[in-house]
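Just below is one structure, and these are the notes that go with it.
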Amino acid sequence: MLQTQCTNMKDLQKIHAHIIKTGLAHHTVAASRVLTFCASPSGDINYAYLLFTTIPTPNLYCWNTIIRGFSRSSTPHFAISLFVDVLCSEVQSQRLTYPSVFKAYAQLGSGYHGAQLHGRVVKLGLEKDQFIQNTIIYIYANSGLLSEARRLFDELVELDVVACN
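One gets the working numbering by counting positions in the sequence shown from 1 and adding 1 to each.
What follows is the structure, encoded as structure tokens:
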């Protein structure tokens, strides 16, 4: 329903009101569908965050969605703060969580903090994931740490279009 009937936040708010009336708002899957639209470039990240705070037990998909939304917003530091909240929660972050956090650090130009997160990724054994590798290269390059970016680029086993760009 959301994919076919929702093209803007006004449409989304009507659908969300219906979901609240029917009680579906208390179901993580239904709430996550609304959250996905709100956190997208077509949505409203502030509305997404308000919705996120009403989900009783957000799953990893919900956490990743709100972190990704903030990493693309004008307030990427909220993505990092939410990532810290994930680390303190019962939800275990996984490989899809890290690229959004690296992008938030890159948007802030904070290569030093990204390097600390890079260490965590290595400790977790996720450093060979191509998606993660590309975002680590991106944060280093965006933060002016070109020697680090080049070192990681040279270590890549598989070159892809994203890494080359």
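Heads up, the beta-carbon is just placed ideally off N, CA and C, and yes, glycines get one too.
| Own chain, CB closer than 8 Å to Leu-36, minus 5 neighbours either side, in chain order | Ala-49, Leu-52, Phe-53, Ile-56, Cys-63, Thr-66 and Ile-67
| message | Can you tell me whether Val-92 is helix, strand or coil according to DSSP? | response | coil
| query | From Ile-138 to His-17, what distance separates their C-alpha atoms? | reply | 38 Å
| query | DSSP on Pro-77, reduced to helix/strand/coil? | reply | coil
| What are the boundary residues of the alpha helix (DSSP H) that Lys-11 is part of? | 10–22
| Counted within 10 angstroms of its Cβ, other Cβ atoms place Gln-95 as buried (16 or more) or exposed | exposed
| request: Starting from the Cα of Ser-90, find the closest Cα among Cys-39, Asn-60 and His-28 and give me that residue. | output: Asn-60
| query | Looking at Ser-111 and the ligand GTP, is the gap between the Cβ and the nearest heavy atom below 7 Å? | reply | Inclusion of the ligand GTP in the displayed structure is not the case, the ligand content being empty and no account of it being possible.
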